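Asks: Numbering (this note's numbering), first residue to last: 2 to 94.
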Amino acid sequence: LLQTARQKRTKVIWIRADYRYSHSPWLVQFARLHKHHNSIPEEVHCGGPTTAEWEDFATPLGGEFVIPKTSWCSTSHTSLIDLLRQSGINTVL
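So, in structure tokens, the structure goes:
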């Protein structure tokens, strides 16, 4: 799907988790509610020196957008909706 989108010069927009306690209100709440469990998620960074690696089959190319998200929702407090509207995109895969 990704290869076909690139061949057809379709706009590719990546959504990347940026789950840091300093950025993600849900992560703090999750940890507080589950403090007695061993399933508290670790921080996941999408920028800086601790950048999480991209999978070989799914790595952004130059000109593709990467939007960090700080919660489970890709549209809350991100530029995704604005980018889609400005680009005239009304279908997302």
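Note that CB positions come from ideal geometry on N, CA and C, so glycine has one too. Given the structure is predicted, the values throughout are model-derived calculations rather than measurements.
1) With C-beta atoms as the reference, is W15 less than 8 Å away from V67?
2) For Y22, count neighbouring Cβ atoms within 10 angstroms of its own Cβ and tell me buried if that reaches 16, exposed if not.
3) Is I14 helix, strand or coil when you go by DSSP?
4) Excluding five sequence neighbours on each side, which residues of the same chain lie with their C-beta closer than 6 Å to the C-beta of T76?
5) Look at the alpha carbon of R17 and the alpha carbon of S80, and state the distance between them as a whole number of angstroms.
Replies: Taking the structure as given:
1) yes
2) exposed
3) strand
4) I82
5) 12 Å
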